[in-house]
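Residue numbers (the working numbering): 28 to 131.
These notes concern the structure reproduced below.
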């Protein structure tokens with residue numbers, strides 16, 4: 028299922044509230060999702076290093092398909108689960124696949 032910026036609230040809720048993804052992984056997760064290092068540096072600077080705000084802006088940039096997000100599969104539950112797997116968050120990736128990826 029393709030996601031877009033209108034899904035930001037659902038993505039944030041799923042990751043941080045339901046699955047308790049720590050906000051401090053936003054930078055590494057952003058790289059896995061296809062955001063460039065300069066974009067992530069700008070996000071960090073714009074939010075004075077506040078990991079919760081950075082996490083939200085990172086997910087927003089991903090949902091808006093910035094940088095090479097499309098090359099990494101575009102914003103979808105499947106690509107998010109893949110990125111979480113690469114960050115060692117296997118149980119969260121499995122939860123997302125079980126909940127959202129019927130044909131993934």
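We put the CB at the ideal spot given by N, CA and C, even for glycine.
Taking just the CA atoms, how far does residue j sit from residue i?
i, j, result
"residue 34", "residue 72", "24 Å"
"residue 38", "residue 79", "14 Å"
"residue 89", "residue 60", "7 Å"
"residue 56", "residue 85", "9 Å"
"residue 106", "residue 99", "7 Å"
"residue 68", "residue 111", "20 Å"
"residue 136", "residue 118", "Look at the range of the chain in this structure, 28 to 131, and you will see that residue 136 is not part of it."
"residue 36", "residue 64", "24 Å"
Starting from residue i, trace the alpha helix (DSSP H) both ways and give me its first and last residue.
i, result
"residue 73", "64-73"
"residue 113", "104-113"
Using the three-state DSSP reduction, which class does residue i fall into: helix, strand or coil?
i, result
"residue 80", "helix"
Using only CA atoms, which one of the options lies nearest to residue i?
i, options, result
"residue 30", "122, 120, 121, 97", "97"
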